[in-house]
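Everything below concerns the one structure shown next.
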Amino acid sequence: MPLTGHCLCKAVTYTADVDAPLLTGYDHCDDCQRQSGSTYSLVVVVPKDKLEVKGPLKKWEGKGSSGKSVWRWFCQECGSPIAHDPDAAPEIIALKGGTLDSEIKKTLKPTQEIWAVGKLPFCQEKLENVAEYMP
């Protein structure tokens, strides 16, 4: 079953023609924290040649620790981050896990942490109070 997803406004849609991601994990790098607006970014890595994206996509060029470009893809309509595309690893692309279709993202099983050196200290702690929802 391919991986499918979309941005918040549904102007950008994508399909990755794969049976399963190459890797699913938490990316703790500073850039992913900033792009996600959170403490990490859930990434789903797939072969770039298996990905088809439709819609008004914008790309922003940043620099990775390798000194090579990392292209941040996002919807130019609503600003949702879609993926990051590192020139240092041209064969892969990291989709933002939150943009996958709901039934697909419920099945994700993150197995790795990436750039754990950037993991924020409070992410090490286990929370005592977990709310199922916020009113």
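Take the sequence shown: its letter number 28 is residue 28 in the working numbering, and every next letter is one higher. C-beta atoms are modelled at their ideal positions from N, C-alpha and C, and glycine is treated no differently.
Any idea what DSSP makes of residue i, helix, strand or coil?
i	result
Thr99	helix
Lys105	helix
Gly5	strand
Pro56	coil
Glu116	Here the sequence assigns Ala to residue 116, which means Glu is not the residue at that position. Helix.
Pro121	helix
Pro90	coil
Grab the span of the beta strand (DSSP E) containing residue i for me, first residue to last.
i	result
Ser36	First-last for Ser36: 30–36, but that is the alpha helix (DSSP H), not the beta strand (DSSP E).
Asp27	23–27
Could you tell me which residues DSSP pairs with residue i in its beta bridges?
i	result
Leu51	Ala16
Pro81	Phe74
Glu61	Trp71
Ser41	Asp27
Since residue i and residue j should fall inside the 8 Å C-beta cutoff, what is the C-beta to C-beta distance between them, to a whole number of angstroms?
i	j	result
Pro2	Thr13	Between Thr13 and Pro2 the Cβ distance is about 12 Å, and since that is not below 8 Å, they are no contact.
Lys109	Thr24	6 Å
Leu8	Cys78	5 Å
Check whether the segment 61–73 touches the segment 39–48, taking contact to mean three or more Cβ pairs, one atom from each stretch, closer than 8 Å. The segment 61–73 is not in contact with the segment 39–48.
Take every Cβ of the segment 31–43, pair it with every Cβ of the segment 79–92, and state whether three or more of those distances are shorter than 8 Å. yes
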